[in-house]
Every structure is written in C-alpha cells, then in structure tokens.
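A short worksheet on the structure shown next.
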Amino acid sequence: MALPSYTETRYRIWHYIYLTICTFVFFFLIAPLFVIFPLSFNAEEFLVFSEGMKNLDPDAFSLRWYKDMIYGTKNPWGLAAKNSFIIAIFATIGSIILGTLAALGLSSRHMPYKGLIMATLISPMIVPLIISGVAIFFFMAKAGLAATHTGIVLAHIILGTPFVVITVTATLSGFDHSVTRAAASLGSNPVNTFMKITLPLILPGVISGGLFAFVTSFDEVVVVLFLAGLENTTIPIQMWTGLREQLSPTILAVATCLILLSTLILISAELLRRRSERLRGINR
Amino acid sequence: MSSETKKILTTDGIPLEVSLKKAEKKNKIKAFLLVAPLLLFLVITYIFPIGDMFLRSVDDKMITNMLPKTFKAMEKWENLEELPPEEVYRSFYEDYKLLAENQQHGKLGQRLNKEKNGFNTITKKLFRQIKRKKIDESASIKEQINKLHKRWRNVEYWLAIKRTAPPYTVAKYLKGMDMYFDSDGSITQVDEDRRIHRILWLRTLEIAFFVTLFSFFMGYPIAHLLATLPMKYSNLLMICVLLPFWTSLLVRTASWMILLQQQGLVNDFFVMIGLVGDDNRPEMMYNKVGTYVAMTQILLPFMVLPLYSVMKTISPSLMRAGKSLGGTPFVAFWKVYFPLTIPGIGAGCLLVFILAIGYYITPALVGGASGTLISNQIAFHMKTTLDWSFASAMGLMLLTGVLVIYWIYNKLVGVDNIKLG
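Residue numbers (numbering that gives the first Met the number 0), protein chains in the order written: chain A, 0 to 283; chain B, 0 to 420.
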C-alpha cells in the first residue's frame, strides 16, 4: 500500500486518514474480545480492572474463577458443557449427512425446481431465529420432544444444514464430473464412486460446513431457550442466565475458554478453505 | 413416413430420443431423491410448523365451539336493530348452562369481555341464576334474561356475541399494529398513548437501518484495505474479522457489557481524556447506545465478507486506467471502483439488515427498555403472557417483511452466491 513518490500532499493526507479509520475499525472489531482475558484472571469479584491489575501486581491475578468453573459447588457448567458437546456433535453429524446429500442433488444439472428448493433449504438461515424458535417449539411440543436432547438435536439440524448445503454446493461448483463418469466407465458402482472419488474431493467443503453447523449448534441460544428443560441446559443457556442475572467472573472464565475454542475452529476453517481452493485449482 | 425412417435407434432398437428422455427422467428422479430426505425433514419439522403458527394466529374456534346453538339460531336473527328473537336467547341459555356444568363459563366470560367490556359482570349474573335454578325453562327465557341486567337489553351486546361467530379472526394482527375492532365492527386505532407495538416496529426498523448504515461505513474501508493489501498482511488482518465472526454471540455481548458499564473501560477512557467528569459517567448500556454499538460490532463481519469477496475480483489496473485518463483518485474511485462494488454492497447490506431486524439476544441483554426490539416482544408473549397466538401473529408479520427482503436479495445476489468465510 506504499504510495508512489509523486503523490500530491492532499491525497497523501487522505490516504493516512483512510488508514487511521481502518485501524480504528479493526480495533473496534477485535479489542472487545481481549477485555475478557485479563478480567477472567481477576482475584476480585468485580468486573472492573482493579488497581492491582493496572499495576500488574501478581496478587491481583488468580485462577479462582477457573477453579470455580470446574469444581464450584452446585455449578452448572459441567452438565452444560457435556450437553452442549453431545448436542452439537449429533447435530453436526445429522446436518452433514442430510446437507451433503441435498447438495449433491442440487448440484446435478438434472435437478428440477432448483431455485425454489434451494431457497427452501436455506430458509432456516434467513428466517429470524425467534420465529424459527416459535415454529420449532410448536412442532416439538406436539411431537412430545420438548425438553429432550433429541428435540434440541433435531432443532439444531434444521439450523445447521443450510451451512452444509452452501459450503458443499460451493465446493461442487468447481467439481469436474468427468472423474465420476470415468469411475463409472471403469465399472465402479455409484456408492463406491462416491466414497472413493467424490467424497475425498469435496471433503474440505463438507468439513467446513460441519464446522459451521457445530458452531451454530454450540452457540445457539434462542431456540434452546424455548426447548430446553433443566436437564438439557447448555453452555449458551447458562451464559444467558448468568448475563441476565449477575455478571460473575466465572462467566468470563467460560468465555475465555470459548474464545480459545473459536480460535481453534477459525484456524481449522482457514486451513480447510485453502486446501479446498488448492484441490479445486483456484489460484489466488 | 420419412421422419420415421430417419430416427436413430439405440442397440436395443428403441429410438434414441425416447431412450434419452428416459435417461433424463431417471437422472431427474435420482437428483431429487438425494434432496428428498432434507426437504422432507424441513417440511415436516419447519415449514409445516410455520404454517401451524399461521393457523394459531387467526384461530378463534374456542368461542365458536362454546356457543354452537347460539350461532346457529343467530343465523335467523334478521332485524339487527332490535333484540334477537326468543330462540336466540333460549339457545344461548342452553349453551351457557352446558358450559356452566363443565366449569367453562369463566373462559367464555373473559373472551366476550375482550370483545366488549362489561360482559364479565352480566355473564356471572346469569351463572348465579342458573346455579340457583332460578330460571324457569317453560317461560320466556328472553324476558327472564333481560330482567337480569340492563346490558342484556342492549342490542350492542348481542351484536358483539354475533361478531365472535366466525372461527377465524384477524384481531391479533390488528393488535400487532395497535388497532382493534370497535363495537360496530369497524377497525379503529388504539389511543395514542397506548400504541406500544407501532413504536416497537419503528424502533426495530430504525435500529436495523442504522446498524446497516454504520456497518457499511465501517466495513467498506476495511474490506477495501483487505482486498488491496498484499496477501501476507491481509491474511493477518483478516483474523480481526474472522475471529469475532467465529466467536460466540454471548461472549461478544458479554465483553460489550463489561466495556460499556458505568465503571467500564470506555467510560474510564472518556474520563481520562476529560470528555466527562468522573462523577457523572454516562449510562451507555441498557439503552439504544448499547444496542447500536454491540450490534454493529457483531454484524460487521457479515458486511465485510461479501464486500471483500467482490472487491477481490476487481483488478487494480482499472483504477490506474481511470487515473491515467485524467481522473483524480477521487473521480477514479467514484466512477470506476465504486460502481463495481455495488453487488457486494447490496449483498452485505441486505444480509446485515435481515439479521439485524430479527435480533433478539443482544438487545435483550444490553438494550434495556428503550433498546428492545420486536423479537423481544415476541419472546415476551411466548414465555410470560403465554399469548401464543399473538406471538405467532407478530412473528409472521416480521417474517413477511424478512421474506420480502430475502426475495429481493435472491433477485439481486442469488442465494447460491452466499459466501461464508
């Protein structure tokens, strides 16, 4: 972005204003996440930086909120974490299977009513969550699945599949169909062709869609608030209750763990995206 | 026939055309079968329940089922200026007696009271008479009921009962727009100081609009920077956009709650630079300011990513060409670069607007009373007042708005062009 030496002064000034604005925006985006880290190590119960913390006094920092998160009496986080992981894993598997199949169908040029069907399959992503929540709640209540893990898993499959459909369709858009025809001409049956040829090629798209589905389920709070009973509490529900009632530093300890988790997911998603682009021969 | 002789046959002797059509059909079915499981799943668990919401929102069958004989008899009530005939009174008495035996009469009183104030008193009066067996069924029921209370002699009340006859009503939708049916059945606005829903709709639109605007003005420069910087720098800066994107919504809301509280860092900073005094730190949370700030930060990645993917495809030589033809950098930007980014702007703005209009969690946590949106009202009626039909009606009104935008989005961008990450 270095400016050429002949740039006039006023454009030079504009350029620096532009860079300053960009810096501010990047700061605005990322800084809030970093407030959580230091405060989660606060030795005190308040959610403000104590004098000790400002002076980097080691006594002002402690791991007590992390201990509280793990060993605290009557603490809900253990159960919530277990539920969140179980629900998210099953919802991800369900979304991947249904979404990948649908994406394969949608990418076929023989697919009738493609636009309409695509719009329907994507709709859970567009419809405001509160409306999805109400609708899914009515269904689960009728089906007797409210306040069960199954109900929540099904609800999260609904919300997660659009992401898988989108990422896998995108991967398939650059897919060379002559390789599957080649496999068929060599005597491979369709299932074998899919497992040995298609799946390995679209795997990056499938996994990154799965990551989206996982995160969607793991973060989801609106629909779960309608569906969950006491037994089905999840991390987002606990955070929601905590944030509404009283902000305790334990929440910040949990939040720090969640930020670490999302960093991990971000790294894997980026690696997958690059691999997928390499496989599809997109050079940038 | 010459055309028949020209037909090309496959090895099994079937015309190629027929064989090809058959294969095409087979392929169509195959493709459809792959989509079918998900489509079926969504239709059953998602699309039908949204239809169910609609049925609930217009449902008014309860009273239709409570007074079957009355409504039947009312069909023969012709002169609506006068009190209904004896038959209507008798049917109403019989219906009401049955309800009283089943302990359902209270519900009817409440429902009728909603239609016209004052019903609760007079139905209770009737109930006491029935309980004490004071009504002589062999004499005229009309005269006996009319004697109970002067309101029973008022034709307005009988007309109100008649109005509840249809099993469907749009009353909930009218309520969502702060309107109602008045006693002569025409649509009327509620008093000005009680129009809470209209305020909420307007506020939702206002917040969604300004959040979209803010994210556009903040997202455009950084998307441009990301698209023009060399890869090794832009990848690093991209993390600033993607990390919030992947981080839990509640975590991000929590961090804003910490930052914006009265003793929070933002206020500390304002005090430090002398913008405000230490003793009158402004309240930045539990009002609109909090909602704007937090929602803009949370939705900004959804603006940056579509813009970035469009800007990435614009060749830098176009700007250079613009400048070499005599344009100043501003003219070159405005006439060459900006028009090329319009698809990205459309995609980003519509996406942010759609997401913002249905926002629930962040406004509920940092919005306070003046920052709540229509979604919060829907949740309130689902959970607190348990008026599910009203919640459904408001949800569907919101959904209609979103679907219109979705349709525009689909026309302009195409759903299959949505890019993630």
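We put the CB at the ideal spot given by N, CA and C, even for glycine. Nothing here was measured: the structure is a model prediction, and the numbers come from that model.
### Task
Taking only the alpha-carbon atoms, compute the straight-line gap between B/MET52 and B/ALA392 and give it to the nearest angstrom.
Counting from one through the second sequence, the residue named residue 52 of chain B turns up at place 53. Counting from one through the second sequence, the residue named residue 392 of chain B turns up at place 393. Going from the Cα of B/MET52 to the Cα of B/ALA392 covers about 8 Å.
### Query
Can you name, in chain order, every residue of its own chain whose Cβ lies under 6 Å from the Cβ of B/TYR92, other than the five neighbours on each side?
As a position in the second sequence, residue 92 of chain B is number 93, starting the count at 1. Here the set comprises ILE140.
### Task
Please report the Cβ distance between A/ILE234 and A/ALA227, rounded to the nearest whole angstrom; I am assuming they are in contact, meaning their Cβ atoms lie under 8 Å.
Taking the first sequence and counting its residues from 1, one reaches residue 234 of chain A at position 235. Taking the first sequence and counting its residues from 1, one reaches residue 227 of chain A at position 228. 12 Å between Cβ atoms; not a contact.
### Query
With a Cβ-Cβ cutoff of 7 Å, do B/PHE126 and B/ALA99 count as a contact?
Residue 126 of chain B sits at position 127 when you count from the first residue of the second sequence. Residue 99 of chain B sits at position 100 when you count from the first residue of the second sequence. Yes, the pair counts as a contact, with Cβ atoms nearer than the cut-off.
### Nearest residue (CA-CA) to A/ARG243, options B/LEU364, B/MET237, B/GLU86, B/LEU201
On the first sequence, position 244 is the one that residue 243 of chain A refers to. That would be B/LEU364, whose Cα lies nearest to the Cα of A/ARG243.
### Message
Contact between the region 349-360 of chain B and the region 124-136 of chain A is defined here as three or more beta-carbon pairs at a separation below 8 Å; is this criterion met?
### Response
yes
### Query
Is it the case that the CB of B/VAL250 approaches a heavy atom of the ligand ATP more closely than 6 Å?
No copy of the ligand ATP appears in this structure; indeed no ligand is present at all.
### Task
Consider the Cβ of B/TRP245: report whether some Cβ of chain A lies at a distance smaller than 7 Å.
In the second sequence, residue 245 of chain B corresponds to position 246, counting from 1. For B/TRP245, the answer is yes, since a Cβ of chain A falls inside 7 Å of its Cβ.
### Task
Tell me whether B/GLY370 is buried or exposed, calling it buried when 16 or more other Cβ atoms sit within 10 Å of its Cβ.
Along the second sequence, one-based indexing puts residue 370 of chain B at 371. By the 10 Å Cβ count, B/GLY370 comes out buried.
### Query
Where B/ALA390 and B/LYS382 are concerned, what is the direct C-alpha to C-alpha distance, given to the nearest angstrom?
By 1-based counting over the second sequence, the position of residue 390 of chain B is 391. By 1-based counting over the second sequence, the position of residue 382 of chain B is 383. Going by the C-alpha atoms only, they are around 10 Å apart.
### Task
Find out if the Cβ-Cβ distance for the pair A/VAL222, A/ALA268 is shorter than 7 Å.
By one-based count along the first sequence, residue 222 of chain A stands at place 223. By one-based count along the first sequence, residue 268 of chain A stands at place 269. Not closer than 7 Å, so no.
### Within chain A, the residues that B/LEU242 reaches when beta carbons sit closer than 9 Å
As a first step, residue 242 of chain B must be located in the second sequence, where it is residue number 243. Correct list: LEU28, ILE29, LEU32, ILE258, SER261, THR262, LEU265.
### Task
Taking C-beta pairs closer than 9 Å, name the residues in chain B that A/MET52 reaches, listed in chain order.
To locate residue 52 of chain A, count along the first sequence from 1; it is residue 53. Ordered by position in chain B, no residue passes the 9 Å Cβ test against A/MET52, which lies about 12 Å from the chain.
### Segment limits, beta strand (DSSP E) that includes B/TYR291
The residue given as residue 291 of chain B occupies position 292 in the second sequence. From DSSP, B/TYR291 is part of no beta strand (DSSP E) but of the alpha helix (DSSP H) over 287-310.
### Message
Tell me which residues share the same chain as B/ASP59 and place their Cβ nearer than 8 Å to its Cβ, disregarding the 5 neighbours each side in the sequence.
### Response
Counted from its first residue, the second sequence places residue 59 of chain B at position 60. The residues are THR163, PRO165, PRO166, TYR167, THR168, ALA170.
### Query
What did DSSP end up calling B/MET283 once you bin it into helix, strand or coil?
Indexing the second sequence from 1 puts residue 283 of chain B at position 284. Coil, per DSSP.
### Query
Cα separation between B/PRO84 and B/SER185?
Against the second sequence, residue 84 of chain B aligns to sequence position 85. Against the second sequence, residue 185 of chain B aligns to sequence position 186. Going by the C-alpha atoms only, they are around 25 Å apart.
### For A/GLY77 and B/THR120, the rounded distance between their alpha carbons
As a first step, residue 120 of chain B must be located in the second sequence, where it is residue number 121. As a first step, residue 77 of chain A must be located in the first sequence, where it is residue number 78. Each residue's alpha carbon lies about 54 Å from the other.
### Query
Where do the ends of the alpha helix (DSSP H) carrying B/THR340 lie?
Reading the second sequence from its first residue, position 341 is the one you call residue 340 of chain B. 337-356 is the extent of the alpha helix (DSSP H) around B/THR340.
#### Entry: Separation of B/PRO338 from B/PRO281, as counted between CA atoms
Taking the second sequence and counting its residues from 1, one reaches residue 281 of chain B at position 282. Taking the second sequence and counting its residues from 1, one reaches residue 338 of chain B at position 339. Going by the C-alpha atoms only, they are around 41 Å apart.
### Query
So, is the C-beta of A/ALA101 closer than 7 Å to a C-beta in chain B?
Residue numbering aside, residue 101 of chain A sits at position 102 when the first sequence is read from its first letter. Yes, because at least one Cβ of chain B sits closer than 7 Å to the Cβ of A/ALA101.
### Task
Just the chain A side, please: which residues come within less than 9 Å of B/CYS348 by C-beta, in chain order?
In the second sequence, the residue the question calls residue 348 of chain B occupies position 349. Simply none; closest approach about 15 Å.
#### Entry: Nonlocal neighbours in the same chain, by C-beta distance under 7 Å from A/THR232, ignoring five residues either side
Reading the first sequence from its first residue, position 233 is the one you call residue 232 of chain A. Result list for A/THR232: PRO75, LEU78, ALA79, ASN82, in chain order.
### Query
Does the beta carbon of A/TYR15 come closer than 7 Å to any beta carbon on chain B?
Working through the first sequence from its first residue, we reach residue 15 of chain A at position 16. No, its Cβ sits nowhere closer than 7 Å to a Cβ of chain B.
#### Entry: A/ASP175 - partner residues in DSSP beta bridges
For the purposes of this step, residue 175 of chain A is taken as residue 176 along the first sequence, with counting starting at 1. A/ASP175 pairs with nothing; no bridge assigned.
### Task
Have a look at A/ARG273 and B/PRO14 and give me their C-alpha separation to the nearest angstrom.
Position 274 of the first sequence, counting from 1, holds the residue named residue 273 of chain A. Position 15 of the second sequence, counting from 1, holds the residue named residue 14 of chain B. Each residue's alpha carbon lies about 48 Å from the other.
#### Entry: B/THR168 (DSSP reduced to helix, strand or coil)
One-based indexing of the second sequence puts residue 168 of chain B at position 169. Note: B/THR168 maps to coil in three-state DSSP.
### Task
Buried or exposed for B/ASP426, please, with buried defined as at least 16 other CB atoms from any protein chain shown within 10 angstroms of its CB.
Because chain B here runs from 0 to 420, residue 426 of chain B falls outside it and cannot be looked at.
### Query
How long is the line joining the alpha carbons of B/ILE407 and A/GLY114, rounded to whole angstroms?
The count along the second sequence starts at 1 and reaches residue 407 of chain B at position 408. The count along the first sequence starts at 1 and reaches residue 114 of chain A at position 115. Answer to the nearest angstrom: the Cα atoms are 14 Å apart.
### Task
Closer than 8 Å by beta-carbon distance: list the chain B residues that pair up with A/MET110, in chain order.
In the first sequence, residue 110 of chain A corresponds to position 111, counting from 1. The answer, in chain order, is LYS27, ALA30, PHE31, VAL34.
### Task
Could you confirm whether any beta carbon from chain B is found closer than 7 Å to the beta carbon of A/MET238?
Within the first sequence, numbered from 1, the residue matching residue 238 of chain A stands at position 239. Interface residue, yes.
### Rounded C-alpha distance that separates B/MET396 from B/TYR172
Working through the second sequence from its first residue, we reach residue 396 of chain B at position 397. Working through the second sequence from its first residue, we reach residue 172 of chain B at position 173. Spanning the two alpha carbons is a distance of roughly 8 Å.
### Message
Below 8 Å, how does it come out for the region 203-212 of chain A and the region 158-177 of chain A: are there three or more Cβ pairs, yes or no?
### Response
yes
### Message
So for B/LEU19, helix, strand or coil by DSSP?
### Response
On the second sequence, residue 19 of chain B is found 20 positions in, with the first residue counted as 1. It is helical.
### Query
Excluding sequence positions up to five away, which residues of its chain have a Cβ less than 6 Å from the Cβ of A/VAL293?
Because chain A in this structure spans residues 0 to 283, residue 293 of chain A falls outside the shown range and cannot be described.
### Task
Mark B/GLY420 as exposed unless 16 or more other C-beta atoms lie within 10 angstroms of its C-beta, in which case mark it buried.
Here residue 420 of chain B corresponds to residue number 421 of the second sequence, with the count starting at 1. Per-residue confidence for B/GLY420 stands at a pLDDT of 44, beneath the threshold of 50, marking its modelled position as unreliable; no derived number is given.
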